[in-house]
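For the sequence shown, this note's numbering begins at 111 and goes up steadily by one.
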Amino acid sequence: MTHEVLGQCPVCGGALEVARLHCPSCQTNIEGRFTLDRFARLGREQMQFLETFLRARGVIKDVEEALGISYPTVRSRLDELLRTLDLVDDRERRRTILADLSDGKISSEQAMAMLAGLRG
């Protein structure tokens, strides 16, 4: 029986590593330290959103209809997905942090800490 690979530790939320690989065809086992790809970082809800987005071929209106959510919610989930996959550059992250601060979603202390964590 096989199980779905989790990308995050269910105890502390840290990134998991794979320690052993097995080929069921030839019974080869490989042991070591292997990282999971960026898509393994996605939670179930994010993966479902990504699948819906791809089925809709990126047409946000179709994603809205399929999930029964508003345009701003689709954009928010897409932005979250891009951040999780590390596909957003630092300028975009700065804009997002400042927008969240302006909208009252985060405090000035949180914004300062998040901005300090960006490169350059």
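All residues carry an ideal CB built from backbone N, CA and C; glycine is no exception. Computed from a predicted model, the values in this text were never measured in an experiment.
Do you know offhand how far residue i's Cα is from residue j's?
| i | j | result |
| --- | --- | --- |
| T138 | V128 | 16 Å |
| F163 | V169 | 7 Å |
| R185 | T206 | 12 Å |
| L225 | C136 | 49 Å |
| L131 | R143 | 10 Å |
| G117 | S218 | 31 Å |
| L146 | K215 | 31 Å |
| G227 | G124 | 18 Å |
| E175 | T183 | 12 Å |
| D189 | R203 | 10 Å |
| K171 | R151 | 26 Å |
Buried or exposed for residue i, going by 16 or more other Cβ atoms inside 10 Å?
| i | result |
| --- | --- |
| F149 | exposed |
| T159 | Sequence inspection shows Phe at residue 159; the Thr mentioned does not correspond to that position. Classification for F159: buried. |
| R154 | exposed |
| V121 | exposed |
| R236 | Nothing can be reported for residue 236, as the shown portion of the chain is limited to 111 through 230. |
| R187 | buried |
Can you tell me the Cβ-Cβ gap for residue i and residue j, rounded? I've got them flagged as a contact below 8 Å.
| i | j | result |
| --- | --- | --- |
| Q156 | L191 | 6 Å |
4 or more residues per run - each alpha helix (DSSP H) lying fully within the region 140-227: 154-165, 170-177, 181-194, 200-212 and 218-226
Does the structure place the region 210-227 close enough to the region 180-198 that three or more beta carbon pairs sit under 8 Å? no
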